[in-house]
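Asker: Residue numbers (this note's numbering): 18 to 119. Ideal Cβ positions, reconstructed from N, Cα and C, are used throughout, including at glycine. These numbers come from a predicted model, not from an experiment. Next up is a structure, given as structure tokens.
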Amino acid sequence: MATRKQHESVLEADRTEVQPPRLYRVLLLNDDYTPMDFVVIVLQRFFALDRERATRVMLQIHHEGKGTGGVFPHDIAATKVEQVSNYARQHQHPLACVMEEE
Ligand code: TYC
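Pasting the structure below:
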């Protein structure tokens with residue numbers, strides 16, 4: 018009588034290394050024209066900073082040229098850049114927002 022092997026397959030350990038997601042810093046850049054209050058609102062609205070932290074980050078940007086809104090995985094960082102850039106353009110301010118890999 019012919020025998021058939023049943024269930025020959027074996028579950029093997031998954032040897033694929035899982036890497037942590039690459040992270041991107043979303044930066045706001047200083048300029049001479051965007052009002053300070055507007056930058057504080059942007060930091061509160063898009064980066065969920067409270068008024069005090071937002072004011073501190075805004076002043077750091079004003080004095081040092083750039084500052085961090087937050088650090089996120091790629092697609093979230095890219096969305097923040099788009100949202101901030103669109104919001105600034107809508108209000109006719111030159112505020113620049115960029116992302117860089119950590
Ligand atoms: N330098 C601007 C001013 O004096 C304020 C400012 C702060 C602008 C932060 C942009 O990302 C910025 N009105």
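If contacts are defined as beta-carbon pairs under 8 Å, then L46 and G86 qualify, I think. What distance do you get, rounded to the angstrom?
Answerer: Translated into positions along the sequence shown, residue 46 becomes position 29. Translated into positions along the sequence shown, residue 86 becomes position 69. Between G86 and L46 the Cβ distance is about 11 Å, and since that is not below 8 Å, they are no contact.
Asker: With a cut-off of 8 Å on the beta carbons, I'd call R39 and E117 a contact; round off their distance for me.
Answerer: Within the sequence shown, numbered from 1, the residue matching residue 39 stands at position 22. Within the sequence shown, numbered from 1, the residue matching residue 117 stands at position 100. Wrong, their Cβ atoms sit about 11 Å apart, outside the cutoff.
Asker: Let me make sure I understand the geometry here. Which of A113, Y104, V35 and H108 has the alpha-carbon closest to that of G84?
Answerer: Counted from its first residue, the sequence shown places residue 84 at position 67. Of the candidates A113, Y104, V35 and H108, the one whose C-alpha sits nearest the C-alpha of G84 is A113.
Asker: In this structure, does DSSP put T85 in helix, strand or coil?
Answerer: On the sequence shown, residue 85 is found 68 positions in, with the first residue counted as 1. In this structure, T85 counts as strand in the three-state DSSP scheme.
Asker: Please classify M53 as buried or exposed, where buried requires at least 16 neighbouring CB atoms within 10 angstroms.
Answerer: As a first step, residue 53 is located in the sequence shown; it is residue number 36 there, counting from the start. It counts as exposed.
Asker: Can you name, in chain order, every residue of its own chain whose Cβ lies under 7 Å from the Cβ of V98, other than the five neighbours on each side?
Answerer: Walking along the sequence shown from the start, residue 98 turns up at place 81. V43, C114, V115 and M116, listed in sequence order.
Asker: Does chain C have any CB closer than 7 Å to the CB of Q61?
Answerer: Note that chain C does not occur in the displayed structure, where there is just one protein chain.
Asker: Is Y41 buried or exposed, if buried means 16 or more other CB atoms sit within 10 Å of its CB?
Answerer: As a working mapping, residue 41 is identified with position 24 in the sequence shown. By the neighbour-count rule (16 or more Cβ atoms within 10 Å), Y41 is buried.
Asker: How would you call V74, buried or exposed, if buried means at least 16 neighbouring beta carbons within 10 angstroms?
Answerer: Residue 74 sits at position 57 when you count from the first residue of the sequence shown. Buried is the call here.
Asker: Under a three-way DSSP split, which group does V43 fall into?
Answerer: As a first step, residue 43 is located in the sequence shown; it is residue number 26 there, counting from the start. It is a strand residue.
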